[in-house]
Amino acid sequence: MSTTAPAVKARIAALIAAEIGCRPAQVDATVALLDDGATVPFVARYRKEATGGLDDTQLRKLEERLTYLRDLEARRASVLSSIDGQGKLTGDLAARIAAASTKAELEDLYLPFKPKRRTKAEIAREKGLGPLAAALLADRSLMPQEAAAAYLGEAVPDVKAALDGARDILAEQFAENADLVGQLRADMQGRAVLRAKVVAGKEEAGAKFADYFDHKERWSQVPSHRALAMLRGRNEEVLSLDLEMDADDPAPIKPVEQRILAAYGIAHPARRPADAFLTDVARWTWRVKLSLHLSVELMNTLRERAEVEAIRVFARNLKDLLLAAPAGSRTTMGLDPGIRTGVKVAVVDGTGKLLDTATVYPFQPRNDVTGALAELGRLARKHKVELIAIGNGTASRETDRLAAALLDALPAPKPVKVVVSEAGASVYSASETAAAEFPGLDVSLRGAVSIARRLQDPLAELVKIDPKAIGVGQYQHDVDQARLAKALDAVVEDAVNGVGVDLNTASAPLLARVSGLGAALAEAIVRHRDGTGPFRTRKALLDVPRLGARTFELAAGFLRIPNGDEPLDASSVHPEAYGLAKKIVAACGRDVRSLMGDSAALKSLNPAVFVDDRFGLPTVRDILAELEKPGRDPRPEFRTASFAEGVEEIGDLKPGMVLEGTVTNVAAFGAFVDVGVHQDGLVHVSQLADKFVKDPHTVVKAGDVVSVRVVEVDVKRKRIALSMRKDDGRAADGAPRRPEQAEARTGGRGGRDDLRSAGPGRGASPRDGKAGAANGALAAALAAALKGK
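Residues 525 to 1313 (the numbering used here) make up the sequence shown, in order.
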């Protein structure tokens, strides 16, 4: 009865191949590589011949499904062993277990054989009532009361007790019928309705869930963000959630109950004496056993489905943020805005090395605008600052105006000022990584360093922060944290390896994300680099303690050495293919350095000529593309949004205004946009374009600079409705938008506890009070300072 390992392997390969759209042989080859310790980025980039060109998305899906299916096979073997040990494994049952394609289906089959606590049905059997239950089910002509009378005795005092015992036995039998349970599950998945109601007396305390105080919708159609919102409302004891089945059906026997009757040929209305009794048993089984069991299962499925989507959204937003355009290696001044505690200032050079720090106090209570401008000007001139990065938290707009005044006072060429996300900067400031980088620097100034660096290179800086602290998630604290962490780590790994890492300037946290390395080896590389000087070749990595040939194979292609001894070390060409690359170079009769970047010469070559027993056409084409644009950065060109003058608080917004802003977060129901008022606005999915949009990610991504029109402003609830449509901002039905986002009630950047849910979480810390209080004082002080300049 057992399934052989090769058969299991073939079944898994066939299932995965069908799901990701490839051949089983490709799956087998990929699984072999992964089982041998290869990473997904390495396999995607350097083993295309083996995998048939599977991309990183397919490989991540393959990896995920491989784990699930292997777990399923292990459970299948355990179930077969358990049933066989009981002496109850038949050929038909073994075949059905072998054919089960999901864990739920497998558990349905195992349920009758699963060791369990002593049930009411078991107690009834011990009293000798098993034959009564079997007789009533088999012979509908029996009168239940008369049949039960024959089983009375000391353990069964009366007819009611006998029939109750028979009911318990039959109910357990009905509830453990795998085919019936599967049919009922399918019925509920297709027709069940999720109903949410407010718990009496919680209306005021739970106002943020007001959209769900009396809400119902089909279970199968509940989107992730609404599911997680309602589940959170239930967890906070504001909402009650129930799954209703056929609640509006007036029939005395509901369709779902008819399903049970049909499975056992029970007639209703009763045609034979036992039919009425069995009908009651079926209805009781549904109410007491099956409805409860399946409702719990479907609620768990709903949560899991919502979590999968929420994690997918978070991962996609994180990827967009990590791959945002870098401003480049230019001396940068980072400004971490604050009112009472002052604006923290840090200047870093083009490599991110800290050059200088300061704290200025242009806002209340000191209002030292003149002193602040003098100090900022001194630092800008001393270090020849080219960029000014301004954190987008509290007092961001006021600090932006301060920076504008500074630019007016500086000679040409003037620095470029940019407002950047400070999400996670405070987490980094207090981290062990920051303490190791800047042991003698005040925690508050570390945040300014992070803000400056993330403008230069978002990827290099954000890898130092736990991805969950970056705040581009949707109910991120409500989902499975282990699954979330695994998904986000995969995104970071793919992003880092997709861009490539400068071996001689990368920090340990960045190196740790390179294929095959990890934290310990990354630290070892930095120590070796600090002790012996910059690496001149990739091959020198083998001199690092504990870094062996296998690790070198996995990591080397993603590490870059610009201006090293070997020109190819600056490219993504893997050292294992240097011979092939030099063969291509030799065919052109050129030096490798002079050939790099010569598109015309490279495009004149026929890739097929260079294919050999080791390297196929995909690798040859990759090498040609890399030689054409060596070390190319796949990230977009740097661009920033320009916030409107005089629009600094939510109260400054008026319907009809057209503003420029930056997309901070993309959720299933739309996109959040920072327009510079300390509260992100929502562009509902219906307002993203003049056409139907199913997935907001197809229109925008985190970091995009977009033009939006203000549609509606609710100052009290801090809700801003925006539109990117070219019409008047109304949906096709004439409504301004759907008011479905209870999760956006606290969806701004003023909080830190994720009750902003799908909101951006990029922003304003409450640590310094309300930024708006400084507006008037700053404006007056700036005017005075500039007048006397």
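For each residue, glycine too, the CB sits at the ideal point set by N, CA and C.
From a predicted model like this one, the values you see are computed outputs, not experimental measurements.
Inset, instruction - Name the one or two DSSP bridge partners that Thr1186 has. - result: Asp1198, Val1229
Inset, instruction - Write down the C-beta distance between Gly858 and Ile975 rounded to the nearest angstrom, noting that I regard them as a contact closer than 8 angstroms. - result: Their Cβ separation, rounded to whole angstroms, is 4 angstroms, which keeps Gly858 and Ile975 in contact under 8 angstroms.
Legend entry - Same chain, Cβ closer than 6 angstroms to Ala984, five either side skipped, listed in chain order: Only Leu1034 meet the Cβ criterion.
Inset, instruction - Give the DSSP bridge partners of Val1237, in chain order. - result: Ile1244
Legend entry - Whole runs of the alpha helix (DSSP H) within the stretch 780–815, excluding any shorter than 4 residues: 797–809
Legend entry - DSSP three-state assignment for Ser1096, whether helix, strand or coil: coil
Legend entry - Helix, strand or coil at Gly588 [DSSP, three-state]: The sequence shown places Glu at residue 588, rather than the Gly named in the question. Correct three-state label for Glu588: helix.
Inset, instruction - Could you round the C-beta distance between Ala1080 and Leu1104 to whole angstroms and report it? I think they count as a contact, below 8 angstroms. - result: Actually they are not in contact, since the Cβ atoms of Ala1080 and Leu1104 sit about 15 angstroms apart, beyond 8 angstroms.
Inset, instruction - Out of Glu833, Gly964, Arg970, state which residue places its alpha-carbon closest to the alpha-carbon of Ala954. - result: Arg970
Inset, instruction - Enumerate in chain order the residues of its own chain whose CB-to-CB distance from Ala541 is below 8 angstroms, with the five nearest sequence positions on each side excluded. - result: Arg547, Pro548, Gln550, Val551
Legend entry - Whole-number beta carbon distance between Thr1188 and Ser1314, since they are thought to touch under 8 angstroms: Shown here, the chain extends from 525 to 1313; a query on residue 1314 therefore has no answer.
Legend entry - Through-space distance from Val555 to Leu1012, alpha-carbon basis: Each residue's alpha carbon lies about 22 angstroms from the other.
Legend entry - Other residues of its chain near Arg829: CB distance less than 8 angstroms, five sequence neighbours each side excluded: Excluding sequence positions up to five before and after Arg829, its CB lies within less than 8 angstroms of the CB of Ser748, Ala751, all in the same chain and listed in chain order.
Inset, instruction - Run through the stretch 1032–1083 for me and flag every whole alpha helix (DSSP H) of 4 or more residues, listed as ranges in chain order. - result: 1032–1035, 1043–1056, 1073–1079
Legend entry - Beta-ladder partner(s) of Met857, from DSSP: Val871, Ile912
Legend entry - Buried or exposed (CB count within 10 angstroms, at least 16 for buried), Lys638: exposed
Legend entry - Cut-off 8 angstroms between Cβ atoms - residues of its own chain near Arg599, not counting five sequence neighbours on either side: Lys627, Leu630
Inset, instruction - Could you name the residues of the same chain whose beta carbon sits closer than 8 angstroms to that of Pro1179, not counting the 5 residues immediately before and after it, in chain order? - result: If we look at Pro1179 and ignore the five residues flanking it on each side, its Cβ neighbours are Val1234, Val1235, Glu1236, Val1237.
Legend entry - Helix, strand or coil at Gly1283 [DSSP, three-state]: Residue confidence is low: Gly1283 scores 32 on pLDDT, short of 50, so the model does not pin down where it sits. No coordinate-derived value is stated.
Inset, instruction - For Ser625, count neighbouring Cβ atoms within 10 angstroms of its own Cβ and tell me buried if that reaches 16, exposed if not. - result: exposed
Legend entry - Pick from Lys1063, Lys1218, Met1181 that is closest to Gly1205, judged by C-alpha positions: Met1181
Legend entry - Contacts around Val603, its chain only, beta-carbon distance under 7 angstroms, and the 5 residues preceding and following it disregarded: The beta carbon of Val603 sits closer than 7 angstroms to the beta carbons of Ile621, Leu630, Tyr634 from its chain, once the five residues preceding and following it are set aside; these are given in chain order.
Legend entry - Three-state class that DSSP yields for Arg890 in the structure shown: coil
Inset, instruction - Please confirm if the stretch 1000–1009 is in contact with the stretch 829–843, defined as three or more CB-CB distances below 8 angstroms between the two stretches. - result: yes
Legend entry - Bridge-paired residues (DSSP) for Arg829: Bridge partners of Arg829: none, in fact.
Inset, instruction - Return the chain-ordered list of same chain residues with a C-beta closer than 8 angstroms to the C-beta of Ala1094, the five sequence neighbours on each side being excluded. - result: Arg1084, Ile1085, Pro1086, Asn1087, Gly1088, Pro1154, Gly1155
Inset, instruction - Could you spell out the range, first to last residue, of the alpha helix (DSSP H) harbouring Ala882? - result: It is not in any alpha helix (DSSP H) - Ala882 instead sits in the beta strand (DSSP E) that spans 878–884.
Inset, instruction - Could you tell me which uninterrupted beta strand (DSSP E) segments, each at least 3 residues in length, are contained entirely in the stretch 991–1016, listed from first to last along the chain? - result: none
Legend entry - Under 8 angstroms between C-beta atoms of Ala1213 and Val1229: no
Inset, instruction - Could you tell me how far apart the beta carbons of Arg715 and Met754 are, in whole angstroms, since I believe they sit closer than 8 angstroms? - result: With 8 angstroms as the limit, Arg715 and Met754 do not qualify as a contact, their Cβ atoms being about 19 angstroms apart.
Inset, instruction - Starting from the Cα of Ala531, find the closest Cα among Ala1191, Arg594, Pro1091, Arg589 and give me that residue. - result: Arg594
Inset, instruction - Take every Cβ of the stretch 692–709, pair it with every Cβ of the stretch 773–789, and state whether three or more of those distances are shorter than 8 angstroms. - result: yes
Inset, instruction - Alpha carbon to alpha carbon, how far is Asp880 from Val871? Give it in angstroms, no decimals. - result: 5 angstroms
Inset, instruction - Determine the DSSP secondary structure at Asp1026, reduced to helix, strand or coil. - result: strand
Inset, instruction - Let me know if Glu670 comes out buried or exposed under the rule of 16 or more other beta-carbons within 10 Å of its beta-carbon. - result: exposed
Inset, instruction - With a 10 Å radius around its C-beta and 16 neighbouring C-beta atoms as the bar for buried, classify Lys1190 as buried or exposed. - result: Sequence inspection shows Val at residue 1190; the Lys mentioned does not correspond to that position. With 16 or more other Cβ atoms within 10 Å, it is buried.
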